[in-house]
Amino acid sequence: KKKEEKKPVTTAGIKFYGLIGADSVFEYKLTNTKGMEVSILNYGGTVTHLIVPDKNGKMGDVILGYDSLSGYRQTGNPYFGCLVGRYANRIANAKFALEGKEYILAANDNGNTLHGGVKGFDKVIWTVRSFNDTSLAFSYLNKDGEEGYPGNLSVDVVYSVAVDNSLRIIYTATADKATPVNLTNHCYFNLSTGADSTILDHELMLKADKFTPVNDKLIPTGKIEEVKGTPMDFTIAKKIGKEIAQVTGGYDHNWVLNKAVNNLEIAGSLYHSGSGRYMEVFTTQPGIQFYSGNFLDGTLKYTRGGAKYVLHAGLCLETQHFPDSPNQPSFPNTILKPGEIYQHTTVYKFSIK
């Protein structure tokens, strides 16, 4: 009986991106038949490129990014394109109580915990489970006590592109102890592909009649308020720059989506008239954080093509459960218990208008 020949491992669509200690970082490219390209690192599950056509068929990168791994690893990298967890967004005073026990987390944001702590899901190497032209599946075992969270959390994330120029992200997690879980992606969008230095002329619609107001440390007060008659009203699409000056520091808030629980429904849309690019966001999540790039100041290094990422150079639309839910009993539940499955889907769909 002949020995089976070992097939060479295919490297089509895989690029060596650098080293972190002994760990190799690779960039994986997903494509569809329309020319859409999405590139993703196994470091932080980070989306490095999202290339879609404009109204003239010209391809362009609609997210902010860097030219090298050094960019993504620099101090002050504001979470470009990465996966965020174990708990996306903020937890007040870096602590929460669960089943009679208090858990202390890293205070990495004005005395609060932000985006999972000092070494969140954005700063770890994910295991690639499967990869082909249109789909990439990652997993990560977040161990009991990492960043102060209880229980081992087994996480799977699948990125896929479809023929309708959509990027779909499916998040799945299970835990062996009760724990808060809130997973999202932190892409910064600029549909002009940098032709406009800011996103203030982009038109945003959010399918939300209510939002969660925050204190001066961006922690929800616990109230849920109507957007009507305030600069938070994006129920009808409007330019982001129209009323941003009335919002101290810019937009960095959670909107309460008008949708059925766990249904995949439209959450919002973004339009850039110059390029004709139109992006719709669909999610199963109850909330969306619209962040207008308020901490960008032009000082980031290794930026793509040497671009200056100035104030409001990009925006995030982070689908999520509400910030500080573990400390806010009136907010939708974020506690995952043993035997339960956390699963959420978000879709970013690109077209021309």
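Plus 4 on top of the position in the sequence shown (first one is 1) and you've got my numbering.
Where a beta carbon is used, it is the ideal one built from N, C-alpha and C, also for glycine.
Which residue from 347, 46 and 27 puts its Cα closest to that of residue 87? 46
Is residue 342 buried or exposed, if buried means 16 or more other CB atoms sit within 10 Å of its CB? exposed
By Cβ distance below 7 Å, which residues in the same chain neighbour residue 222 in space, the five residues on each side in sequence not counted? Hits under 7 Å: 94 and 256.
Residues that residue 280 bridges to, as DSSP identifies them: For residue 280, which the question treats as bridged, DSSP gives no partner whatsoever.
Roughly how far, in whole angstroms, is the beta-carbon of residue 289 from the beta-carbon of residue 325, given that I think they are within contact range, below 8 Å? Going by Cβ atoms, the distance from residue 289 to residue 325 rounds to 6 Å, so yes, they are a contact pair.
Rounded to the nearest angstrom, what separates residue 201 and residue 317 at their Cα positions? 6 Å
Return helix, strand or coil for residue 240, following the three-state DSSP convention. For residue 240, the three-state secondary structure derived from DSSP is coil.
How many Å lie between residue 172 and residue 271 at the Cα? 14 Å
So, helix, strand or coil for residue 73, using DSSP? helix
Report the residue ranges of all beta strand (DSSP E) runs contained in full by the segment 133-188; include only those spanning at least 3 residues, in chain order. Runs of the beta strand (DSSP E) spanning 3 or more residues and lying entirely within the segment 133-188 occur at 139-146, 157-165 and 170-179, in chain order.
Take the Cβ of residue 72 as the centre, count every other Cβ of all protein chains shown within 10 Å, and call the residue buried at 16 or more, exposed below. exposed
From residue 264 to residue 336, what distance separates their C-alpha atoms? 12 Å
Is the distance from the Cβ of residue 211 to the Cβ of residue 274 below 9 Å? no
Limits of the unbroken beta strand (DSSP E) element including residue 3: Because residue 3 is not part of the residues shown, which for the chain are 5 to 357, the question remains open.
Who are the Cβ neighbours of residue 99 in its own chain at under 7 Å, not counting the five residues just before and after it? Beyond the five residues adjoining it in sequence on each side, residue 99 comes within less than 7 Å, by CB distance, of 106, 107, 108 and 109 in the same chain, given in chain order.
Whole beta strand (DSSP E) elements within the segment 90-114, 3-residue minimum: 99-102 and 105-108
From this set, 160, 302, 259 and 281, which residue's C-alpha is nearest residue 130's C-alpha? Closest option to residue 130, Cα to Cα, is 160.
How do the segment 17-34 and the segment 58-71 stand: do at least 3 beta-carbon pairs fall below 8 Å, yes or no? no
So residue 348 is in the beta strand (DSSP E); what residue range does that whole segment cover? 346-356
For residue 58, is the classification buried or exposed, using 16 other Cβ atoms within 10 angstroms of its Cβ as the cut-off for buried? Result: buried.
So is the beta-carbon of residue 250 under 8 Å away from any non-hydrogen atom of the ligand GDP? The ligand content of the structure shown is nil, which means the ligand GDP is not present either.
Taking the CB atoms as reference points, tell me whether residue 182 and residue 345 lie closer together than 9 Å. no
Less than 8 Å between the CB atoms is what I'm expecting for residue 190 and residue 83, so what's the real figure, rounded? 4 Å
To which residues of the same chain is residue 116 closer than 7 Å at the C-beta, ignoring the five residues directly before and after it? If we look at residue 116 and ignore the five residues flanking it on each side, its Cβ neighbours are 94, 95, 96, 97, 98, 221 and 223.
Do residue 286 and residue 357 have their C-beta atoms within less than 9 Å of each other? no
For the beta strand (DSSP E) containing residue 208, list its first residue and its last residue. 207-210
For the beta strand (DSSP E) that residue 33 lies in, which residues bound it at each end? 27-35
Below 8 Å on the Cβ atoms is my contact criterion, and I expect residue 125 with residue 89 to pass it. Report the Cβ-Cβ distance as a whole number of Å. 4 Å
Indicate whether residue 165 and residue 51 have their beta-carbon atoms separated by less than 9 Å. no
Rounded to whole angstroms, what's the CA-CA distance from residue 143 to residue 334? Just pull it up for me. Each residue's alpha carbon lies about 32 Å from the other.
Using only the alpha-carbon positions, how far apart do residue 23 and residue 29 sit? In this structure, the alpha-carbon of residue 23 lies about 6 Å from that of residue 29.
Tell me the rounded alpha-carbon separation between residue 339 and residue 323. 17 Å
May I have the straight-line CA-CA distance separating residue 193 from residue 150, to the nearest angstrom? The C-alpha of residue 150 is placed about 30 Å away from the C-alpha of residue 193.
Return the CA-CA distance between residue 145 and residue 327, expressed in angstroms with no decimal places. 23 Å
Count the other CB atoms within 10 Å of the CB of residue 127; is the residue buried (16 or more) or exposed (fewer)? buried
Per DSSP, residue 64 forms a beta bridge with which residues? Answer by DSSP bridge pairing, in chain order: 56.
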